[in-house]
Structures are given as C-alpha cells and as structure tokens.
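First the structure, in the form of structure tokens, and then the observations on it.
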Amino acid sequence: MTSSLKDNYWNDNFTTGTKISNEWNHLFIDFECCGVNRVAGTTNDFDHTSWCTTNGSCQATASQIPKTCCKGFTEYDYQNAHPDCHSSVSPGYYYDKKEVIKERIQFDSFSEDILREGLRVILVMGSCSCLSLLGTCVIGICLKKTTSKPNNGSTAHGCLQKIFIF
Numbered sequence: 001m002t003s004s005l006k007d008n009y010w011n012d013n014f015t016t017g018t019k020i021s022n023e024w025n026h027l028f029i030d031f032e033c034c035g036v037n038r039v040a041g042t043t044n045d046f047d048h049t050s051w052c053t054t055n056g057s058c059q060a061t062a063s064q065i066p067k068t069c070c071k072g073f074t075e076y077d078y079q080n081a082h083p084d085c086h087s088s089v090s091p092g093y094y095y096d097k098k099e100v101i102k103e104r105i106q107f108d109s110f111s112e113d114i115l116r117e118g119l120r121v122i123l124v125m126g127s128c129s130c131l132s133l134l135g136t137c138v139i140g141i142c143l144k145k146t147t148s149k150p151n152n153g154s155t156a157h158g159c160l161q162k163i164f165i166f
C-alpha cells in the first residue's frame, strides 16, 4: 500500500492528479484517514511521493500532508482547509486514525476467507445430503421390487448389483 501511495500520489486535488491520485484523495476523505500509516508529524508517508519530490504544494513546502486529510471537509471544499492542518500538521486538524486502510483491507480479506470457507462447507454438506438421498431412493426401489414379488428369488442385494453393475 505504501508503495502504491509513493508511486501514484501526484497531487492533493481532484483536478490535476492522475485517476489513482484522485482515488487516494477520495479515500482520505471517505475513510477519514491520512496516508497508509498514521501521520505523526511532518515526516510521513507523503515524503517520497511525487507530490513532495517533483511537483505539488508539498514540494513547494506549502503543505506537509494533503488538504484532503483535513477534518471536516469534502471533495468540494477541501481547498479551504486551515494551514494548521496541511502546513503545520497540528494535531486535531487532520485525520489521524491509525492504519484504517490496512485494517479495512485485512477485514475485507478475512471476510472473504470466511465466506469462501462457509460456501465450501455448504457445498460439501449439500453433496453428502444429495448422495445420501440418492442412496436411500435406490435402496427403497430395490426393497420395493423384492417385496412386491416375494417368490421370484430376487434379493435387494441382487437388485443393487444390477443397478450399480457390480
């Protein structure tokens, strides 16, 4: 995740960045987080992004974290974020949830694993039930044939041998 942020985060706005960069900004606003790891000050996950090394307000030292990390803003008004948030990185102004993206991805992955295993158990149990039902029907048919003609010398075992070609 950190490498994706590093390689794909170009700008802290929704108009000049790449599609992936824009999605990162949406992620920060929607999940109320900032970066992959918790921001603990001016040294953070954004230091090695193109936004800080090549272009953008971080590279120009006007911002240390994206404005999209600032609390209480949406994609429509994030540009009005207070400088204490994005420039000074003052606690209380920016989202500081601890590793919310990692936790969400791990939870989703865990949920998928549980769902997959649950479906596997249901399929196995369903298959066993179908085979049991089929076996019961075959035995019932053979018993019915042998009891309906008691003097013909046939047995349920003989009937099963004919059905399953033993």
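Sequential numbering of the sequence shown, starting at 1, is according to my numbering. Virtual Cβ for every residue (Gly too), placed ideally from N, Cα, C. Small disclaimer: the values here were computed from a predicted structure and weren't measured.
(1) For Y76, does the three-state DSSP call read helix, strand or coil?
(2) In whole angstroms, give me the CA-to-CA distance for V36 and Y95.
(3) Please state whether the Cβ-Cβ distance between W10 and T2 is less than 7 Å.
(4) Would you grab the beta carbon distance between D45 and N25 for me? Rounded to a whole angstrom, and I think it's under 8 Å.
(5) Going by beta carbon distance, what residues of the same chain come within less than 8 Å of T16, once the five residues before and after it are set aside?
(6) Excluding sequence positions up to five away, which residues of its chain have a Cβ less than 7 Å from the Cβ of S57?
(7) Return the bridge partner residues of Y94 from the DSSP annotation.
So, from the listed chains and residues:
(1) coil
(2) 12 Å
(3) no
(4) Wrong, their Cβ atoms sit about 14 Å apart, outside the cutoff.
(5) W10
(6) The beta carbon of S57 sits closer than 7 Å to those of D12, S63, all from its chain and outside the five residues before and after it, given in chain order.
(7) C70
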